[in-house]
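Beneath this line is the structure, given in structure tokens, with notes to follow.
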Amino acid sequence: MVGVRAATPAIARRAPSRSAAAISAAAVCSCLVTAGEGIGCAPYRATNVGAVGELDDILQRLEPSLGPLAGEPSELGGGITNRNFRVTLGSQDYVIRRPGKDTDLLAIDREAERLATETAAGLGIAPEVAAALDDCLVTRFIACRQPRARELDERVEELAGALRSFHESAAELPVSFSVPDLLARYGGIVRERGGELPAAYVQAVALAARIEAALAPVHPCPCHNDLLPGNIIFAAHGGRILIVDWEYAGVGDPRFDLGNLSVNNDFDEATDERLLSAYHGAAPSDGARAALKLMRVMSDAREAAWGVVQGEVSELDFDFEGYGGEHFDRLQATVEESPFDDWLACAQGESRPHSGQSA
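Numbering (this note's numbering), first residue to last: -13 to 345.
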């Protein structure tokens, strides 16, 4: 299909990601995190919080199985939907992850998060879950580092393998994930709270519907659905890739994970080609290339909508409106400056099974 190989327009990335420079500069982060919320990466800024207070009840419930508290817990800085604490229980270090207020409004399912994290840990691509209580998730602390500039590009084949292993895991997650459904949910929350949806939101809803209608159907599978830069980190010892923050995990379209990974990490055309080749185990078809480009657009629609709904529900001092606007702008620029209609036609003309199916 003409235009499918065309490079993505060189649109400036005004907001690198919810978990990168723009967020850390504001001393907050998104529902995902700086350097991998929930795993206890060494780069975290930590502050002592003491064993009493909000952690006291949790620690009492954890100590019988994990051992007595040793030393002072430390809060790991900068979360919006979660608060994270590093603690030593017995002889092991853990991270206690506490959901924030109203996270259910963001379509976060904590049981799905637990199951996805456990599945990913079993595959060697996430920290091990040590305990799961009604009000927190506890994972083993892993010393880690964030990727250096373009390092994810260099290791994109490993990333593709990690995603494929999770997609093929057959994890029975209790929720589904669909961007059009998410946009409808977020829009309803804004209206219920007396807010007004910007015109760009309505346009994004229409674009997401067009993309969903055009994409040839694939078998749904368990997906991460939020592959921001801060959610992909390297273990300090051995350098293995870990994917963290599985709170948006759900059964959905595996192509969204690929497009979401690509756009959030600024992959170029050559890296996208390597990603698709590694994921499918063969040179990608034009339909697969088109689907990736369309899912990059779908990802921006989701990010923009997240900014809009957070502007209504969050009490934090952060420019959610500006964040959403930047993603609306990039989405619109991509549609206007690219062969978007060609991508739609090409994606519609081909059905490619996801990695868990036979070709």
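Idealized CB from N, CA, C, for every residue including glycine.
Just so we're clear, the structure is a prediction, and the values are computed from it rather than from any experiment.
Review point. Can you tell which of Asp79, Arg196, Leu75 and Arg150 has the C-alpha that lies nearest to the C-alpha of Thr105?
Key: Arg150
Exercise for review: Assuming Ala192 contacts Ala290 (C-beta within less than 8 Å), just tell me the rounded distance between them.
Suggested key: Ala192 to Ala290, Cβ: 13 Å. No contact.
Practice item. Would you tell me roughly how many angstroms separate the C-alpha atoms of Val249 and Gln46, rounded to the nearest one? Key: 43 Å
Review point. Thr125 bridges to which residues according to DSSP?
Key: Val81 and Val115
**Study point:** For Leu55: DSSP bridge partner residues
**Key:** Leu75
Review point. What is the residue span of the beta strand (DSSP E) that Val161 lies within?
Key: Premise fails: Val161 is in no beta strand (DSSP E) and is neither H nor E.
Point to revise | Short Cβ contact (7 Å threshold) for Arg131 with Ala222 | key: yes
Check your understanding: Are the CB atoms of Tyr234 and Asp258 nearer to each other than 7 Å?
Key -> no
Check your understanding: Who are Ala221's beta bridge partners in DSSP?
Key -> Cys130
**Study point:** Uninterrupted alpha helix (DSSP H) stretches inside the segment 229 to 287 (no shorter than 4 residues)
**Key:** 240 to 250 and 255 to 266
**Study point:** Close-in-space but distant-in-sequence residues of the same chain around Ala157 (CB under 7 Å, 5 per side omitted)
**Key:** Leu101, Ala102, Thr105 and Pro208
Check your understanding: From which residue to which residue does the alpha helix (DSSP H) around Gly108 run?
Key -> Arg96 to Gly108
Point to revise | Nearest residue (CA-CA) to Asn68, options Leu48, Ser164, Leu75 and Arg96 | key: Arg96
Check your understanding: Which one of Phe163, Leu109 and Arg126 has the shortest CA to CA distance from Ser155?
Key -> Leu109
Exercise for review: For Gln78, count neighbouring Cβ atoms within 10 angstroms of its own Cβ and tell me buried if that reaches 16, exposed if not.
Suggested key: exposed
Check your understanding: Considering Ala319, what are the terminal residues of the alpha helix (DSSP H) in which it resides?
Key -> Phe306 to Glu323
Check your understanding: In terms of DSSP beta bridges, what is Cys209 paired with?
Key -> Gly236
Review point. Assuming Arg83 and Leu52 make a contact with CB atoms under 8 Å, what is their CB distance in whole Å?
Key: Actually they are not in contact, since the Cβ atoms of Arg83 and Leu52 sit about 15 Å apart, beyond 8 Å.
Practice item. Return yes when the Cβ of Met281 is within less than 7 Å of the Cβ of Arg241, no when it is not. Key: yes
Point to revise | Buried versus exposed, by CB contacts within 10 Å (16 or more), Arg179 | key: exposed
Point to revise | Cβ neighbours of Leu169 in the same chain (closer than 7 Å, five flanking residues each side left out) | key: Ala190, Val191, Ala194, Ala287 and Ala291
Review point. Short check: CB of Ser300 to CB of Gly245, under 7 Å?
Key: no
Review point. Excluding sequence positions up to five away, which residues of its chain have a Cβ less than 6 Å from the Cβ of Leu330?
Key: Ala200
**Study point:** 8 Å CB neighbourhood of Glu144 in its chain, flanking five on each side removed
**Key:** Ile227
Review point. Roughly how many angstroms lie between the CA atoms of Arg196 and Ser271, to the nearest whole one?
Key: 21 Å
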